[in-house]
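Protein chains in written order, with the numbering used here: chain S, -17 to 197; chain A, -17 to 197.
Shown next as structure tokens:
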């Protein structure tokens, strides 16, 4: 049996994470792998309730520190109730955003102290880290144009400026440079079909999977 | 004008905090003080939603670390939206539980690392500390008997054992020994009327207030 793997998808709004997650899920399940496709913040009932609190554009100020604490609170619930139990059973987990997103959005975007984020990451998931992180990278202008083309309500992050997303993207790229073994950067300016193919090829390479067509 | 003061009430279940809070609120308002009587976790709409998450006895595990992060997340929202703005306007705040409760319940009761709690306290409220903390102290047996005599649903803390509340009480007493200037320990085994009188007298003494009867 292929050992359990923890895969994360990262990138700014409009990078195509949702479509890529669906495609990876189909491809891995087609190989007979039991895979949990999940997301952060969220992934369990309690964590999804925290997600709603954090994303809602209500009247109360939710400061960068409050946001960081609630993200890690939701993450702890998700890790304890879904991610660790699944991996312990030998099942795979594909997660749309994880701690890298906290570094990028709360750290890079909102200026929360890096040391605080690192301290919380140690407290919340200790030695648990993704086996592979796919960073779908697009220039902010492209991401925002795609985001604006979508329907639906705008959340507390989507109202942010291009400068904010520039800081988020730059922190993501910095994280990828710091952990080249774990990260694969995917050029997400391509059309979505090509982004999906590139993401899948990068994942197969990173995890040593035999491509489906080659079997 | 009397300068703004931040007062907190602490103690285990059944110590009489709610009644004492009401009595202090009446007494201070009778002096013409604008006072916000609030509580933690909670105190604002968002923070009360976090309170509900933390206290609910649902199916999901909420680990000691998750509990600590959610308590501090709620606290940050409460501090930013209610406590600091009120104090800045020169108004008083009386809060049923604050960071001492996190030390006592999550630290003493559940074993969360003291350094993590201290780090989070610094991040969340920096130099903001109560001017006076009244610790309503009862032996655990007495507190639990009073708690069991109440009606209503049992929350995630109230189901805990006497050993848990012993650890909580001991951590409270340790905190009081460490900060004798800030803390006043009230013997809460007395009848509630006497507990209220003792709490009020201690508060007047700590804050240098002239007792109402003496004016």
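By construction, the Cβ of each residue, glycine as well, lies at the ideal position given by its N, Cα and C atoms.
- If you draw a straight line from the Cα of residue 175 of chain A to the Cα of residue 124 of chain A, it is about 16 Å long.
- Per DSSP, the unbroken alpha helix (DSSP H) holding residue 159 of chain S starts and ends at 144 to 160.
- Closer than 8 Å at the C-beta level to chain S, one finds no residue of the region 169 to 196 of chain A.
- Contacts with chain S (Cβ-Cβ distance below 7 Å) from the region -7 to 11 of chain A involve no residue at all.
- Between residue 24 of chain A and residue 60 of chain A, the CB-CB gap stays under 9 Å.
- Taking a Cβ-Cβ threshold of 7 Å, the residues of chain A close to residue 45 of chain S are 58 and 62, in chain order.
- Residue state for residue 17 of chain A is assigned as strand, using DSSP reduced to three classes.
- DSSP, read as helix, strand or coil, puts residue 128 of chain S in helix.
- Nearest C-alpha to residue 169 of chain S among S/135, S/34 and S/118: S/118.
- Check the Cα spacing between residue 165 of chain S and each of S/152, S/-4 and S/185: the tightest is with S/185.
- Residue state for residue 169 of chain A is assigned as strand, using DSSP reduced to three classes.
- Contact check for residue 17 of chain S and residue 7 of chain S: beta-carbon distance about 6 Å, within the 8 Å limit, so the pair qualifies.
- Contact check for residue -1 of chain S and residue 78 of chain S: beta-carbon distance about 5 Å, within the 8 Å limit, so the pair qualifies.
- Secondary structure in the region 29 to 80 of chain A: the alpha helix (DSSP H) runs of 4 residues or longer, each lying completely within the stretch, are 46 to 60 and 66 to 70 in chain order.
- Counted as a single uninterrupted DSSP element, the beta strand (DSSP E) harbouring residue 119 of chain A occupies residues 114 to 119.
- When 7 Å is used as the limit between beta carbons, residue 98 of chain S is near these residues of chain A: 105, in chain order.
- Taking 9 Å as the CB threshold, residue 69 of chain A stays off the interface with chain S.
- A distance below 8 Å between beta-carbons, with the five flanking residues on each side excluded, links residue 1 of chain A to the following residues of its chain, in chain order: 174, 177 and 178.
- Residues of chain A with a Cβ closer than 9 Å to the Cβ of residue -12 of chain S do not exist; the shortest Cβ-Cβ separation is about 19 Å.
- DSSP, reduced to helix, strand and coil, places residue 26 of chain A outside both helices and strands of the structure shown, so it counts as coil.
- Between residue -5 of chain A and the set A/157, A/143, A/187 and A/20, the nearest pair of CA atoms involves A/143.
- Interface residue (Cβ-Cβ distance to chain A less than 9 Å): residue 90 of chain S is not classified as such.
- Judged by pairs of C-beta atoms under 8 Å, the region 79 to 86 of chain A touches the region 41 to 61 of chain A, as three or more such pairs exist.
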